[in-house]
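Listed in order, the protein sequences are those of chains U and L.
When you line the first sequence up against our numbering, it's residues 1 to 226, in that order.
When you line the second sequence up against our numbering, it's residues 1 to 226, in that order.
Built from N, CA and C at the ideal position, the CB exists for glycine as well.
A quick note: this is a predicted structure, and the numbers were derived from the prediction, not measured.
Number of protein chains: 2
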Amino acid sequence: MEARALETGERILDAAERLFMAHGYEGTSMRQITGEAGVNLAAVNYHFGSKESLMQEVFRRRLDWLNEERMRVLNELEREANGEPLKPSVIVDAFFGTLLRMAGDEKRGGMTFLRLLGRTLTEPSEFIRAFLAHEYKTVMDRYKEALFKALPEVPKAEIVWRFHFMLGATSYAIAGTDALRLVTDWQIEEEDSTDRLDRLVPRLMSFLIGGLRAPLPQFENATVEH
Amino acid sequence: MEARALETGERILDAAERLFMAHGYEGTSMRQITGEAGVNLAAVNYHFGSKESLMQEVFRRRLDWLNEERMRVLNELEREANGEPLKPSVIVDAFFGTLLRMAGDEKRGGMTFLRLLGRTLTEPSEFIRAFLAHEYKTVMDRYKEALFKALPEVPKAEIVWRFHFMLGATSYAIAGTDALRLVTDWQIEEEDSTDRLDRLVPRLMSFLIGGLRAPLPQFENATVEH
DNA sequence: GTCTATATCATGATAGAC
DNA sequence: GTCTATCATGATATAGAC
Numbered sequence: 001m002e003a004r005a006l007e008t009g010e011r012i013l014d015a016a017e018r019l020f021m022a023h024g025y026e027g028t029s030m031r032q033i034t035g036e037a038g039v040n041l042a043a044v045n046y047h048f049g050s051k052e053s054l055m056q057e058v059f060r061r062r063l064d065w066l067n068e069e070r071m072r073v074l075n076e077l078e079r080e081a082n083g084e085p086l087k088p089s090v091i092v093d094a095f096f097g098t099l100l101r102m103a104g105d106e107k108r109g110g111m112t113f114l115r116l117l118g119r120t121l122t123e124p125s126e127f128i129r130a131f132l133a134h135e136y137k138t139v140m141d142r143y144k145e146a147l148f149k150a151l152p153e154v155p156k157a158e159i160v161w162r163f164h165f166m167l168g169a170t171s172y173a174i175a176g177t178d179a180l181r182l183v184t185d186w187q188i189e190e191e192d193s194t195d196r197l198d199r200l201v202p203r204l205m206s207f208l209i210g211g212l213r214a215p216l217p218q219f220e221n222a223t224v225e226h
Numbered sequence: 001m002e003a004r005a006l007e008t009g010e011r012i013l014d015a016a017e018r019l020f021m022a023h024g025y026e027g028t029s030m031r032q033i034t035g036e037a038g039v040n041l042a043a044v045n046y047h048f049g050s051k052e053s054l055m056q057e058v059f060r061r062r063l064d065w066l067n068e069e070r071m072r073v074l075n076e077l078e079r080e081a082n083g084e085p086l087k088p089s090v091i092v093d094a095f096f097g098t099l100l101r102m103a104g105d106e107k108r109g110g111m112t113f114l115r116l117l118g119r120t121l122t123e124p125s126e127f128i129r130a131f132l133a134h135e136y137k138t139v140m141d142r143y144k145e146a147l148f149k150a151l152p153e154v155p156k157a158e159i160v161w162r163f164h165f166m167l168g169a170t171s172y173a174i175a176g177t178d179a180l181r182l183v184t185d186w187q188i189e190e191e192d193s194t195d196r197l198d199r200l201v202p203r204l205m206s207f208l209i210g211g212l213r214a215p216l217p218q219f220e221n222a223t224v225e226h
């Protein structure tokens, strides 16, 4: 069957990506996936072996590119800087901006994958978190080091916490296209949806950099050194 | 059976709260819940009617108090201010600080409930998001209005976005006690776990306020007014 | 109110014909 | 590679004895 628009494996991945995004891993059945993909139920196990392996492949297909791109961008920036420390805002843009700009790239999953990723970082399933932690480790370490150098006066623990907070804010921003629409119930009248993504990036960047560069917290009764 | 430590309903709620936190709504079966609670399988349907109603009751038990407390605190602050606008940091603390301080209050669910809440805000299940949106609406509207007054020079849409980002950062901070530990893989050597919560609050507050008060974003090719 | 037993259905996975 | 048919399991929910 050469006439089929996409290979069976790709069609399964596309359907799984969308359905996992919409209903979560546990909330999506293989029957739904194969039904939407228009393939036979047995095809998932034939092509991927199991539902878990399918989930991993859904992520690997996108994350391989994303993480390589993040590495490439950071390497390039450091090369241009000639040993000078980078500005924190440049590092933040290289990490989060590269991610957010995937949203406009349909052939790399677009908003669907971004929302899936945003949701999955808090997904309860153990194997998914372990898998993502492994996939991300090299890149995270690299960016943490870059931030340590860019902010030598800030304790490393604070930087790591703030990286954590930035990840959270970003995940929500992308996962919440409809999730938190409900919670916040905003009526942003002045803009249409085509503008929304273009504006989200600078909006989020301002917020993230403001948070990253905020005055350090004062601990009340902390055991400062011991 | 008066001798039982807790009523059947409460024991089910406690078990469900912990298990939904650990494995998600779809990932938790009623057999697990009743097993951990030490009650019969049929007890859930007798006391709560269905798994969905149980989930709602798990949240209502905690959110009723939280949201009343948030309203009470904000009312009190505004009363004291005598019509003067509140400082943004005071409002942020009333909303997020009140939430975070629940973590230390075991009889109000403590960290378990906080982590459940953090995860659930990105939970895919439709009915949960709809339920939370309804439960939160009054409080969210009240706090948004307070922030609008506190920051009259900032466009309302920006404030709502930044509220959104703050929710995300906070959710992660609490949901991720072990979730993002994996992703960030930090080694915070200098503090023990008893300090962690005491320090999380000022850490997160600094970040949130830095983000909320950051310089406004510049939009590249935006249709500013139309 | 609490239990046992069970109805009814959906799930992930696989065997084996084509 | 793709299909049908089916297995074994586990899910939510309920009927009815105690």
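Gly9 (chain U): member of the alpha helix (DSSP H) spanning Thr8 to His23, first to last residue. For Leu114 (chain U), the enclosing alpha helix (DSSP H) covers residues Gly110 to Thr120.
Of all C-beta pairs linking the stretch 209-220 of chain L to the stretch 103-115 of chain L, fewer than three are shorter than 8 Å, placing the two stretches out of contact. Taking all protein chains in view, the Cβ of Phe95 (chain L) is crowded by 16 or more other Cβ atoms within 10 Å, so the residue is classified as buried. Taking the Cα positions, Arg129 (chain U) is about 17 Å away from Phe165 (chain U). Burial state of Asp93 (chain U) is buried, judged by a 10 Å Cβ sphere holding 16 or more other Cβ atoms. Under a 10 Å Cβ-count criterion, Thr28 (chain L) is classified as buried, with 16 or more other Cβ atoms of the shown protein chains found around its own Cβ.
Counted as a single uninterrupted DSSP element, the stretch harbouring Asn82 (chain U) is not any alpha helix (DSSP H), since DSSP gives it neither H nor E. With contacts defined by Cβ atoms closer than 8 Å, Ser171 (chain L) and Leu121 (chain L) form a contacting pair. Taking all protein chains in view, the Cβ of Tyr46 (chain U) is surrounded by fewer than 16 other Cβ atoms within 10 Å, so the residue is classified as exposed. Burial check for Ser206 (chain L): the Cβ neighbour count within 10 Å reaches 16 or more, so the residue is buried.
If you draw a 10 Å sphere on the C-beta of Glu123 (chain U), you find 16 or more other C-beta atoms in it, and that means buried. DSSP, read as helix, strand or coil, puts Ser29 (chain U) in coil. In this structure, Arg61 (chain U) keeps its C-beta atom at 8 Å or more from the C-beta atom of Leu100 (chain U). As the crow flies, the alpha-carbon of Pro85 (chain L) is around 10 Å from that of Leu77 (chain L). The DSSP-derived three-state label of Leu54 (chain L) is helix. Nearest CB-CB separation between Tyr46 (chain L) and chain U: not below the 8 Å threshold. If you draw a straight line from the Cα of Gln32 (chain U) to the Cα of Met111 (chain U), it is about 21 Å long.
In the three-state scheme derived from DSSP, where H, G and I count as helix and E and B as strand, Ser89 (chain U) is classed as helix. Under the DSSP assignment, Asp141 (chain L) falls in the alpha helix (DSSP H) whose first and last residues are Glu126 to Ala150. Just measuring C-alpha positions, the residue of L:Glu106, L:Tyr136, L:Met30 and L:Leu6 sitting nearest Val44 (chain L) is L:Met30. When the beta-carbon positions are compared, Phe219 (chain U) and Arg108 (chain L) stay at least 8 Å from each other. Note on geometry: alpha-carbon atoms of Leu204 (chain U) and Ile159 (chain U) lie some 18 Å from one another. Taking C-beta separations shorter than 6 Å and ignoring five residues to either side along the sequence, Leu66 (chain L) has no partners in its chain. Pairing Ala16 (chain L) with Leu63 (chain L) gives a Cβ-Cβ distance that is not under 8 Å. No residue range can be given for Glu106 (chain L), since it is assigned to no alpha helix (DSSP H) and is classified by DSSP as neither H nor E. For the stretch 117-133 of chain L, the beta-carbon criterion of a distance under 8 Å to any beta-carbon of chain U is satisfied by Gly118, Arg119, Leu121, Thr122, Glu123, Pro124, Ser125, Arg129, Ala130, Leu132 and Ala133. With respect to the C-alpha of Gln56 (chain U), the residue from U:Phe20, U:Phe148, U:Ile209 and U:Thr34 having the closest C-alpha is U:Phe20. Taking a 10 Å sphere around the C-beta of Gly97 (chain L), we find 16 or more other C-beta atoms and assign the residue as buried.
Secondary structure note for Arg101 (chain L): its alpha helix (DSSP H) is the uninterrupted segment Thr98 to Arg101.
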